[in-house]
Structures are given as structure tokens and as C-alpha cells.
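Participant:
Numbering (my numbering), first residue to last: 5 to 143.
1. How close, in whole Å, do the beta carbons of residue 99 and residue 32 come, if the pair is a contact with beta carbons under 8 angstroms?
2. Among the residues of its own chain, which have a CB less than 6 angstroms from the CB of residue 94, if the five just before and after it don't count?
3. In terms of residues, what are the limits of the beta strand (DSSP E) holding residue 75?
4. Going straight from the alpha carbon of residue 49 to that of residue 121, what length do you get?
5. Pull the bridge partners of residue 36 from the DSSP assignment, please.
6. At what residue ranges does the segment 61-120 contain a whole run of the beta strand (DSSP E), taking only runs of 3 or more?
7. On the criterion of 16 or more Cβ atoms from any shown chain inside 10 Å, does residue 55 qualify as buried, or is it exposed?
8. Nearest-angstrom Cα distance between residue 119 and residue 69?
9. Which residue marks the beginning of the alpha helix (DSSP H) containing residue 23, and which one marks its end?
Take a look at the structure:
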């Protein structure tokens, strides 16, 4: 059995690098990289996101921590465009790519809530289908 923990709480208090060291020193085997609720620094999903993901992968390797899974942001709301021009959608796409770089085995992408009268399944099928090529591209 492996023990893992999400990274959000330590990232917000100590930053990603120090947070990973704290997680390792606490005895965890792995992490669930949290791409959600990022502070305004937005290292993970901002313009330098690929280089930052590589930096995190290197730190995970150094600490012998595995990223078993990750969590995409969940700021995207019903009615927003499923396009890269929409920052909330782009953050999800970038989190999928970053998870791949880091070596996450999987990424959790939560479904979207819809207003009354809207078919939730139909709407979310469209949403997930819009991410299908990204998911395939990054494994």
C-alpha cells in the first residue's frame, strides 16, 4: 500500500518545492498534484508552465516521490467557451499537459454543474469530448 496526499495545502503555505520536501519528510510515498485553487503566482499554469512542470518532476524524482494522480482546476462554469481563449478552459488543458510531464498516472477532471432544465449528461459529454484530443495527446 502507498500513502499519498494532495499538494494544495502545503503549496499555499510553503510553496511547491518546500511543500514536496515536507510531504516526503512526513513519510508519504506520493502526491496528488493539485492544479486547483492556485494563487496569483500561477506558476503551474501560467506562461512558463512547461518548464515549471519539468522543475516539479525533477524535485519529485530527487525526493523519490511518485505522482499517482493529479487534479485539474475546477473554475470552469456552465456556459463558458470550451476554447483556449478562455483562461479557465486553458488551465484545464495545461493541467493535463503538466500532469503528463510530471508523470501522473491520471488526472481528475470534474464534471460541470448545469442549471435546472439543462441535460447534465449531454452537456458534460460535450465538455469531455472537447478535451479528448488533449487527453490522447498527453496520454
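Virtual Cβ for every residue (Gly too), placed ideally from N, Cα, C. Because the structure is a prediction, the values reported are computed rather than measured.
Facilitator: This is what the structure holds:
1. To locate residue 99, count along the chain shown from 1; it is residue 95. To locate residue 32, count along the chain shown from 1; it is residue 28. 21 angstroms between Cβ atoms; not a contact.
2. Translated into positions along the chain shown, residue 94 becomes position 90. Non-local C-beta neighbours of residue 94 in its own chain, meaning closer than 6 angstroms and more than five positions away in sequence, comprise 88, ordered along the chain.
3. For this step, residue 75 is matched to residue 71 along the chain shown. Note, residue 75: beta strand (DSSP E), 70-75.
4. Position 45 of the chain shown, counting from 1, holds the residue named residue 49. Position 117 of the chain shown, counting from 1, holds the residue named residue 121. Spanning the two alpha carbons is a distance of roughly 34 angstroms.
5. The count along the chain shown starts at 1 and reaches residue 36 at position 32. 10 and 73, per the DSSP bridge assignment.
6. At a cut-off of 3 residues, the continuous stretches assigned as beta strand (DSSP E) that sit fully inside the segment 61-120 are 70-75 and 110-112.
7. Against the chain shown, residue 55 aligns to sequence position 51. By the neighbour-count criterion, in which 16 or more other beta carbons inside 10 Å mark a residue as buried, residue 55 falls on the exposed side.
8. Against the chain shown, residue 119 aligns to sequence position 115. Against the chain shown, residue 69 aligns to sequence position 65. Rounded to the nearest angstrom, the gap between the Cα atoms of residue 119 and residue 69 is 41 angstroms.
9. Within the chain shown, the letter at position 19 stands for residue 23. Secondary structure note for residue 23: its alpha helix (DSSP H) is the uninterrupted segment 20-29.
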